[in-house]
Amino acid sequence: MALASGVRFAARALLRPWALLRGTTLGRTEPAAGGGGDGARRFGSQRVLVEPDAASGVAVMKLRNPPVNALSLELLTELVISLEKLENDKTFRGVILTSDCPRVFCAGLDLTEICGRNPAHCAEYWKAMQELWLRTYLSSLVLVAAINGACPAGGCIIALSCDCRVLADNPKYRIGLNETLLGIIAPFWLKDTYVNTIGHRASEQALQLGSLFPPAEALQVGLVDQVVPEDQVQSTALSEMARWLAVPDHARQLTKNMMRKATADRLLRQRDADTQNFVSFVCRDSIQKSLQAYLEKLRQRKG
Ligand SMILES: CCCCC/C=C\C/C=C\CC/C=C/CC(=O)SCCNC(=O)CCNC(=O)[C@H](O)C(C)(C)COP(=O)(O)OP(=O)(O)OC[C@H]1O[C@@H](n2cnc3c(N)ncnc32)[C@H](O)[C@@H]1OP(=O)(O)O
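Whatever position you read off the sequence shown (first residue = 1), add 1 for our numbering.
Below, the structure written as structure tokens:
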């Protein structure tokens, strides 16, 4: 797809500073835990573990950035590279995205990447966040989110960019775009993704209130597609994947692109402006103070 190649080009341009992968083992393969079918070999990097199963054409991609899979610049970069590697390997048709950290799927943006950081770093960081959303939202693969922990803000956006979502039935695992509770706001492309998923009125209310939905409510509002006991999340995600892979790839991919291209194009047309808006917004003294206060509150809590 032309757009995907445009995104791929953008990803390569962004990811040229391979120094970002310092300390990772991208591309290192090792036997998958528990064998994993026909000698499947895990690969990935320091913060992303990929367990491929060539026989089924499905890979499990685990976020592994303890304690809460906060989306650091490195994690964002490693996720994009791992996803691109799977997209370029025609053995794979689907990816299950899940967490290797207990109790948390993904805590959203790593606030230390924007608190007390200079505008140039904030710009680089936001471009990486844009890239991950574009890469997942437009992926030619079937992406199933196996949400095995809390999923606020940026974590919710990653889950919403997947084709479907399975959430563990634990009241502590809440999901939603809670940015207003931090004194910030979701940019238009996060809003658009929300509206495309749960509708305008539900999004309007949930965004303004910064709602974090417990599983039953998340299911009811349409934020997730299934809520299952915690020990059935991965198996249910695999069953859901099988349902999607029963459809011929080409027809499904063209349909996905038809449904999502306009939303993605809106960001692609104004990526620089969006980055500038983000930088000038988060670098405001008042916003920095809000974010610092929020981080302090988090550090004083204990899970
Ligand atoms: C007008 C023009 C407008 C233009 C607009 C343009 C752009 C828009 C502007 C901004 C962009 C908005 C997008 C934002 C998306 C986001 O993702 S913001 C981040 C939101 N995330 C959260 O609110 C989650 C916060 N975390 C939690 O709620 C909990 O940590 C948890 C995930 C539920 C897990 O709880 P648990 O008890 O297990 O762990 P702890 O809370 O003890 O945390 C452990 C440890 O981790 C630190 N931490 C947690 N979350 C983050 C984080 N997101 N970033 C950085 N660090 C985090 C926490 O502080 C603890 O640290 P420690 O005490 O040092 O161990």
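Note that CB positions come from ideal geometry on N, CA and C, so glycine has one too.
Classify Glu241: buried if its beta carbon has 16 or more other beta carbons within 10 angstroms, exposed otherwise. Mapped onto the sequence shown, residue 241 falls at position 240. That one is buried.
Could you tell me which residues DSSP pairs with Pro153 in its beta bridges? As a first step, residue 153 is located in the sequence shown; it is residue number 152 there, counting from the start. BP columns for Pro153 point to Gly177.
Beta-carbon contacts of Ala147 that lie in its chain and below 6 Å, excluding the five residues immediately before and after: Within the sequence shown, the letter at position 146 stands for residue 147. Once the five neighbours on either side are set aside, the close Cβ partners of Ala147 are Ile97, Thr99, Val167, Val234, Gln235, Ala238.
Regarding Arg302 and ligand 1, is the C-beta to nearest heavy atom distance less than 8 Å? Taking the first residue of the sequence shown as 1, we reach residue 302 at position 301. Checking the Cβ of Arg302 against ligand 1 gives yes.
Status (buried if at least 16 other CB within 10 Å, exposed otherwise) for Met260: Translated into positions along the sequence shown, residue 260 becomes position 259. By the 10 Å Cβ count, Met260 comes out exposed.
Could you compute how far the alpha carbon of Cys1 sits from the alpha carbon of Ala56? A query on residue 1 cannot be resolved here, the shown segment of the chain reaching from 2 to 304 and no further.
Ordered along the chain, which non-local residues of its own chain (more than five positions away) have a Cβ less than 6 Å from that of Ala169? Here residue 169 corresponds to residue number 168 of the sequence shown, with the count starting at 1. Closer than 6 Å at the Cβ level, and outside the excluded window around Ala169, lie Asn149, Glu231, Val234.
Rounded distance between the beta-carbons of Leu182 and Gly211, thought under 8 Å: As a working note, residue 211 is residue 210 in the sequence shown. As a working note, residue 182 is residue 181 in the sequence shown. The Cβ separation is near 4 Å, so the contact holds.
Whose C-beta lies closer than 6 Å to the C-beta of Val225 among residues of the same chain, with five residues either side of it excluded? Indexing the sequence shown from 1 puts residue 225 at position 224. Arg166, Leu168, Ala219, listed in sequence order.
How close, in whole Å, do the beta carbons of Glu88 and Leu142 come, if the pair is a contact with beta carbons under 8 Å? Numbered from 1 along the sequence shown, position 87 holds the residue referred to as residue 88. Numbered from 1 along the sequence shown, position 141 holds the residue referred to as residue 142. Yes, they are in contact, since the Cβ atoms of Glu88 and Leu142 sit about 6 Å apart, within 8 Å.
Would Asp266 be called buried (16 or more neighbouring beta carbons within 10 Å of its own) or exposed? Mapped onto the sequence shown, residue 266 falls at position 265. Exposed: under 16 other Cβ atoms inside 10 Å.
Relative to the C-alpha of Asn66, which candidate in Ala60, Gly58, Leu77, Val59 has its C-alpha closest? Looking up residue 66 in the sequence shown gives position 65. Taking only the C-alpha atoms, the option nearest Asn66 is Leu77.
In chain order, what residues of the same chain lie with their CB nearer than 6 Å to the CB of Leu133, ignoring the 5 residues before and after it? Along the sequence shown, read from residue 1 onward, the residue named residue 133 stands at position 132. Once the five neighbours on either side are set aside, the close Cβ partners of Leu133 are Leu77, Leu80, Val81.
What does a CB cutoff of less than 8 Å around Leu292 pick up in its chain, not counting 5 residues either side in sequence? In the sequence shown, counting from the first residue as 1, residue 292 sits at position 291. Excluding positions up to five away in sequence, the list reads Leu112, Ile115, Cys116, Leu183, Gly184, Ile185, Val283.
Considering only their Cβ atoms, is the gap separating Met62 from Leu72 smaller than 9 Å? One-based indexing of the sequence shown puts residue 72 at position 71. One-based indexing of the sequence shown puts residue 62 at position 61. No, they are not a contact pair.
Closer than 7 Å by C-beta to Lys192: which residues in its own chain qualify, once you throw out the five before and the five after it? Chain order, please. Residue mapping note: residue 192 aligns to position 191 of the sequence shown, counting from 1. Contacts found: Ser204, Leu208.
Can you tell me whether DSSP reads Ser140 as helix, strand or coil? Numbered from 1 along the sequence shown, position 139 holds the residue referred to as residue 140. Residue state, collapsed to three classes: coil.
Let me check understanding here. Comparing Cα to Cα, which of Gln206, Pro120, Pro68, Arg118 lies closest to Ala108? Taking the first residue of the sequence shown as position 1, residue 108 is located at position 107. Of the candidates Gln206, Pro120, Pro68, Arg118, the one whose C-alpha sits nearest the C-alpha of Ala108 is Pro68.
Relative to ligand 1, is the shortest distance from any of its heavy atoms to the C-beta of Pro188 smaller than 8 Å? Residue 188 sits at position 187 when you count from the first residue of the sequence shown. Under cutoff, so the answer is yes.
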